[in-house]
Amino acid sequence: MELCRVGCYVELIQYISRSKENSVNNGQEPLVRLVDGQTRKVAADRAAVPSPVQHPSETRRFIAGIYNLSTPQRKRPEPMMKIESAEILLPSKGIAEDVEFWTSAALGLGFRMDTIYPADDPQVATLTGHGGLRMRLDKAAPITGPATVRLLCSDPDSEFQARELTSPSGTRVELVSAEAPMLRPPTEHAFIARRLKDNAPWIVGRAGMHYRDLIPGRLGGAIIASHIRIPDAGPVPDNVHYHTVGFQLIHCHAGWVRLVYEDQGEPFILRAGDSVIQPPQIRHRVLESSGGLQVIVEVGVPAEHLTTIDHVMTLPTPNYRPDREWDGQKFVHSRLEDAVWGPWRVPGFEARDTGVEDGTKGVAAVRVVRPATGVEQAELVTSHDSDILFTFVLSGSCTLHGEGQGSQTLSEGDAYTLPPGHKTCLTDCSADLSLLEVSLPGRFNTIVHPHDKLPV
Ligand SMILES: [Fe+2]
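When we follow the working numbering, the leftmost residue of the sequence shown carries the number 56, and every step to the right adds one.
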């Protein structure tokens with residue numbers, strides 16, 4: 056190993072000599088000869104030798120470390136990198152033409168030039184616009200394929216004649232809507248039963264939460280329903296964010312979670328049995344969850360919707376505005392302790408209304424359903440005309456009979472969707488049966504078929 060170290064040393068000294076032109080080491084015979092004398096052995100051992108560092112200052116530290124040499128150099132603190140700003144690099148075939156493209160009032164792309172050089176034959180120009188996007192147009196930048204700059208417009212159709220432009224140097228410009236479109240696909244109606252024992256996978260999603268899909272296929276993208284677990288108690292690594300969504304329900308099934316919402320006062324605890332409706336784009340944040348297994352049922356319409364982080368707003372906000380509407384919907388907080396029970400749409404059961412139908416102006420309704428006390432179950436066959444009807448079993452058990460679907464026993468954690476016009480019946484309901492039913496729209500008709508036998 057000693058030989059290896061000598062080899063390293065010589066090789067590195069030689070490197071220093073080369074790097075310092077006309078230095079005292081450069082070309083000095085003893086040093087060069089020593090290299091020559093050991094070259095074969097150094098080469099043979101090279102694989103076992105750490106690669107020499109290829110920077111002169113690091114090389115000196117490397118050598119000093121090997122031989123415990125004291126270095127005459129001053130100890131300087133490692134420089135701290137501080138990023139001051141950022142820019143994208145775009146190749147340019149002609150600075151003047153490109154600057155004209157991006158800055159001209161006639162085209163109206165809204166950029167301004169900040170720097171350009173050299174003045175006599177510009178090779179580089181930097182431009183900024185739209186809240187800080189900085190572009191560096193550089194004639195020396197490698198051309199690796201056309202880059203695309205997306206400009207987010209409030210109304211691109213009215214402001215621009217084309218939805219796509221190309222700069223003189225080939226950069227594509229897309230003019231798109233600043234508002235992310237929320238596409239609500241038509242519902243593909245289906246009878247779907249998802250049981251907990253089917254062992255659908257728990258997927259690690261946003262903010263470390265675990266999601267189990269309750270509606271495979273999601274009715275063609277019309278709805279997503281998730282069974283959510285937060286595995287660790289304590290603070291949740293969430294940001295202030297919002298969802299571009301048509302309807303969204305959070306129901307706490309077990310444990311508790313601390314939440315805060317825009318213009319809805321101080322953070323509060325959502326306890327087991329409580330629900331909230333998150334109106335479209337209301338800013339909110341999950342702050343903390345209880346110990347043990349935390350379970351939430353979340354329903355969103357449509358299935359695929361955008362979640363946006365709000366880096367500016369801090370919660371809670373100073374104003375308390377319980378009557379504020381977002382896209383026509385109010386924030387609704389339904390507490391189990393305030394529950395008022397009344398008849399359900401199917402005789403023999405009772406339901407607790409959560410106020411969602413009023414809060415969403417009929418977009419949806421959410422009810423908690425249980426067998427009516429002291430009433431014998433009639434085992435009535437029913438159907439409905441709701442576009443979406445989703446049910447989650449909160450507790451207890453029952454048997455669901457569906458036309459052409461046979462029957463299946465359901466218990467806590469199971470879920471099902473019933474298509475409109477489909478005849479079904481609930482039997483064998485345990486006394487502690489509790490169902491969470493979500494419908495879109497909020498108001499729909501239930502048809503009782505008193506003379507029908509149990510559908511099979
Ligand atoms: Fe959220």
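Built from N, CA and C at the ideal position, the CB exists for glycine as well.
Shortest gap from the CB of H298 to any heavy atom of ligand 1: under 7 angstroms. Taking C-alpha positions only, K194 is separated from T181 by approximately 12 angstroms.
A contact between stretches requires three or more CB pairs, one per stretch, nearer than 8 angstroms, and the region 244–256 fails this requirement with the region 167–174. Comparing alpha carbon positions, the residue from E343, G476, R227 closest to V312 is E343. Counting only residues of its own chain and dropping the five nearest sequence neighbours on each side, P201 has a CB closer than 7 angstroms to the CB of G225, T226, R227. Two segments are said to touch when three or more pairs of C-beta atoms, one from each, lie closer than 8 angstroms; by this definition the region 407–426 touches the region 321–338. Using a cutoff of 7 angstroms, the CB of H360 does not count as near ligand 1, since none of the ligand's heavy atoms is closer than that. Nearest neighbour of I305 by Cα position, chosen from H265, V387, H296, turns out to be V387.
The C-beta distance from V436 to P371 rounds to 49 angstroms, too long to meet the 8 angstroms contact threshold. Each residue's CA atom was taken as its position, placing V179 and M368 some 37 angstroms apart. Judged by the Cβ position, H339 qualifies as a neighbour of ligand 1 at the 7 angstroms threshold, a heavy atom of the ligand being closer than this.
When the Cα atoms are used, P334 and R191 turn out to be separated by approximately 41 angstroms. In this structure, the CA atom of G263 is about 9 angstroms from the CA atom of D287. The three-state reading of DSSP puts K137 in coil, since its state is none of H, G, I, E or B. Assignment of beta-bridge partners to A196 by DSSP yields no partner.
Taken atom to atom, the span from the alpha-carbon of E405 to that of D253 is near 29 angstroms. Look at E321 here: in three-state DSSP terms it is coil, with no helix or strand label. By DSSP's assignment, K508 forms no beta bridge with any residue. Shortest Cα-Cα distance from S441 to any of G383, P496, P398, G468 involves P496.
Counting every other CB atom within 10 Å of its CB across the protein chains shown gives I285 a total of 16 or more, marking it as buried. Relative to P398, the option among P322, H477, I443, V430 whose CA is nearest is V430. A straight line joining the alpha-carbon of G383 with that of G459 spans about 39 angstroms.
In this structure, DSSP gives D469 a state outside helix and strand, which the three-state scheme calls coil. Restricting attention to beta strand (DSSP E) runs no shorter than 3 residues, the region 245–310 encloses them at 247–249, 265–268, 279–285, 296–299, 302–309, ordered along the chain. W399 carries a coil assignment under DSSP once its states are collapsed to helix, strand and coil. As the crow flies, the alpha-carbon of E359 is around 27 angstroms from that of G310. Put simply, the backbone Cα of R326 is about 19 angstroms away from that of E317. Every alpha helix (DSSP H) of 4 residues or more that sits fully in the region 389–459 is shown, in chain order, as 411–414. When DSSP states are grouped into helix, strand and coil, I502 belongs to the strand group.
Closest in alpha carbon position to S466, among R249, I198, R273, is R249.
Within the DSSP secondary-structure output, K385 pairs in a beta bridge with E380. One thing to note: Y266 has its Cβ within 8 angstroms of the Cβ of I283. Going by beta carbons, P377 and Q303 fall outside the 8 angstroms limit. Beta-bridge annotation (DSSP): G355 is paired with I279, Q303.
P146 is bridged by DSSP to D193. Between G276 and P240, the C-beta spacing is below 8 angstroms.
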